[in-house]
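S.K.: I am attaching a structure below and will ask some questions about it afterwards.
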Amino acid sequence: QKIPNAAQQWRCIKSVLFTHCVIELPQIWLFHPLAKAAGMSTEVPFPAWTTMAFQIAIFFVLEDAWHYWLHRLFHWGPLYKNIHKIHHEHSAPFGLAAEYAHPLEVLTLGIGTVFIPIGYCWVVPDFHVMTMYIWICLRLFQAIDAHSGYDFPWSLHHFIPFWAGASHHDVHHEKFIGNYASSFRWWDYMLDTEAGPEAQQRRRDKKRAERDAKALAEQQRLSMESMGKDAAVMECQIAVEKKNS
Numbered sequence: 001q002k003i004p005n006a007a008q009q010w011r012c013i014k015s016v017l018f019t020h021c022v023i024e025l026p027q028i029w030l031f032h033p034l035a036k037a038a039g040m041s042t043e044v045p046f047p048a049w050t051t052m053a054f055q056i057a058i059f060f061v062l063e064d065a066w067h068y069w070l071h072r073l074f075h076w077g078p079l080y081k082n083i084h085k086i087h088h089e090h091s092a093p094f095g096l097a098a099e100y101a102h103p104l105e106v107l108t109l110g111i112g113t114v115f116i117p118i119g120y121c122w123v124v125p126d127f128h129v130m131t132m133y134i135w136i137c138l139r140l141f142q143a144i145d146a147h148s149g150y151d152f153p154w155s156l157h158h159f160i161p162f163w164a165g166a167s168h169h170d171v172h173h174e175k176f177i178g179n180y181a182s183s184f185r186w187w188d189y190m191l192d193t194e195a196g197p198e199a200q201q202r203r204r205d206k207k208r209a210e211r212d213a214k215a216l217a218e219q220q221r222l223s224m225e226s227m228g229k230d231a232a233v234m235e236c237q238i239a240v241e242k243k244n245s
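The numbering of the sequence shown is the UniProt record's numbering, which starts it at 1 and goes up by one.
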């Protein structure tokens with residue numbers, strides 16, 4: 001994996017600043033009237049921390065699904081070539097590379113972060129803007145951590161087995177395919193899009209088990225056919241003996 005040099009990192013910084021000004025500032029401007037129309041609370045007291053944690057957990061799950069399918073779609077030929085390829089300029093990503101992407105990709109993937117909570121607010125009116133701010137901070141921290149290239153002793157995947165983390169996303173940038181989810185591993189696991197040596201070993205083990213099961217079934221079928229033939233021969237012999245007697 002090639003470590004980005006200073007020039008590449010500076011290009012990344014300029015691109016991220018451009019995206020923040022051109023793509024994200026209009027979204028921030030649009031957020032407040034949408035939040036007001038959805039009935040998002042801005043008053044004190046703040047919600048209980050358990051309520052905030054529950055809502056943020058829901059957003060992580062829903063955003064992860066949105067990100068998985070959109071990210072996987074961006075790896076389709078024309079979309080990858082014209083849009084997503086920019087993000088894959090770094091085979092060894094670093095923190096700022098989390099937002100280094102085509103403006104259209106930033107916009108569409110950002111829908112999962114911003115508009116899922118607003119949609120939730122339409123359905124469940126008990127939603128506070130402080131929860132939204134905390135959610136956005138945590139989601140941004142998660143994206144930077146996934147692109148940091150560091151696996152710390154306190155990284156969440158050491159405590160939550162289905163959490164993705166930097167090691168999961170590093171393999172995606174190394175292999176350019178697989179490991180499409182943002183936060184969790186279950187979509188890649190269920191749809192067999194995991195990448196890396198462990199996933200490859202599981203696929204080999206699965207194929208070997210399928211071959212063994214198929215061979216065993218064929219052996220049992222042949223054995224049953226042989227037993228059927230032997231039984232038919234014995235019946236014929238018995239019939240002949242009865243006839244002769």
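Glycine included, every Cβ here is placed at the ideal spot set by N, Cα and C. A quick note: this is a predicted structure, and the numbers were derived from the prediction, not measured.
Over the uninterrupted alpha helix (DSSP H) stretch that includes Y133, give me the two end residues.
M.R.: 129-147
S.K.: Please classify A35: is it buried, with 16 or more other beta-carbons within 10 angstroms of its beta-carbon, or exposed?
M.R.: Counting Cβ neighbours within 10 Å, A35 comes out buried, since at least 16 surround it.
S.K.: Note down the Cα distance separating I3 from K14, rounded to an integer number of angstroms.
M.R.: 18 Å
S.K.: Where are the alpha helix (DSSP H) runs, 4 residues long or more, that stay fully inside the UniProt domain "Fatty acid hydroxylase" (57-193), in chain order?
M.R.: Segments of the alpha helix (DSSP H) lying fully in the UniProt domain "Fatty acid hydroxylase" (57-193): 77-82, 103-123, 129-147, 165-175, 186-190.
S.K.: With 16 other CB atoms within 10 Å as the buried threshold, where does Y68 fall?
M.R.: buried
S.K.: From this set, V22, V129, F176, which residue's C-alpha is nearest H84's C-alpha?
M.R.: F176
S.K.: If you check the beta carbons only, do E166 and S148 fall under 8 Å apart?
M.R.: First, the amino acid is wrong: residue 166 is Ala here, not Glu. Yes. Within cutoff.
S.K.: Counting Cβ pairs closer than 8 Å, one from the stretch 41-55 and one from the stretch 100-116, do we hit at least three?
M.R.: no
S.K.: Does the Cβ-Cβ distance between A195 and H173 come in under 8 Å?
M.R.: no
S.K.: Does the Cβ-Cβ distance between E63 and G112 come in under 8 Å?
M.R.: yes
S.K.: As a quick exercise: from T193, F152, A164, L107, pick the residue whose alpha carbon is nearest that of P26.
M.R.: L107
S.K.: Taking F46 as part of the alpha helix (DSSP H), name the residues at either end of that continuous run.
M.R.: Unbroken run through F46: none, as it is neither H nor E.
S.K.: With C-beta atoms as the reference, is C12 less than 8 Å away from L96?
M.R.: yes
S.K.: To the nearest whole angstrom, what separates the beta carbons of H169 and A146, a pair I think is in contact under 8 Å?
M.R.: Contact holds; Cβ gap of about 4 Å.
S.K.: Just tell me which of I58, R185, F141, N179 has its CA closest to the CA of I160.
M.R.: Among I58, R185, F141, N179, the Cα nearest to that of I160 belongs to R185.
S.K.: Just the Cα atoms here: how many angstroms apart are A164 and A213?
M.R.: The straight-line gap from Cα to Cα measures roughly 32 Å.
S.K.: Tell me the residue span of the alpha helix (DSSP H) that contains A7.
M.R.: 6-19
S.K.: When burial is assigned at 16 or more other CB atoms within 10 Å of the CB, is N179 buried or exposed?
M.R.: Under this definition N179 is a buried residue.
S.K.: Give me the residue from Y133, E235, R139 with the minimum Cα distance to S41.
M.R.: Y133
S.K.: Restricting to Cα atoms, I'd like to know which of F60, I23, D188, F31 is closest to L138.
M.R.: F60
S.K.: Could you pull the start and end residues of the alpha helix (DSSP H) that I3 belongs to?
M.R.: I3 -> no alpha helix (DSSP H), and no H or E assigned at all.
S.K.: How many angstroms separate the CA atom of W187 from the CA atom of D126?
M.R.: W187 and D126: Cα-Cα distance of roughly 29 Å.
S.K.: Taking C-beta to C-beta, are M130 and F18 nearer than 8 Å?
M.R.: no
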